[in-house]
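Engineer: In the working numbering, the protein residues as written are 62 to 94.
Beta carbons are placed, not taken as given, at the ideal position from N, Cα and C, and that holds for glycine.
1. If we ignore side chains and look at the alpha-carbon of each, how far apart do residue 73 and residue 88 end up?
2. Quick one: what does DSSP say residue 74 is sitting in, helix, strand or coil?
3. So, with DSSP's three-state summary, where would you put residue 69?
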């Protein structure tokens, strides 16, 4: 296993996790306001 093959899926997962949290927090903020 090359380091690249390991790091690429992790980066994609991290990106989606951050994106998902951003969307979720925006929805929560909109819901409270």
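Structural biologist: The answer reads as follows:
1. Your numbering for residue 73 matches position 12 in the chain shown. Your numbering for residue 88 matches position 27 in the chain shown. Roughly 22 angstroms between the two C-alpha positions.
2. Counted from its first residue, the chain shown places residue 74 at position 13. Residue 74 falls in the helix class under three-state DSSP.
3. One-based indexing of the chain shown puts residue 69 at position 8. Residue 69 falls in the helix class under three-state DSSP.
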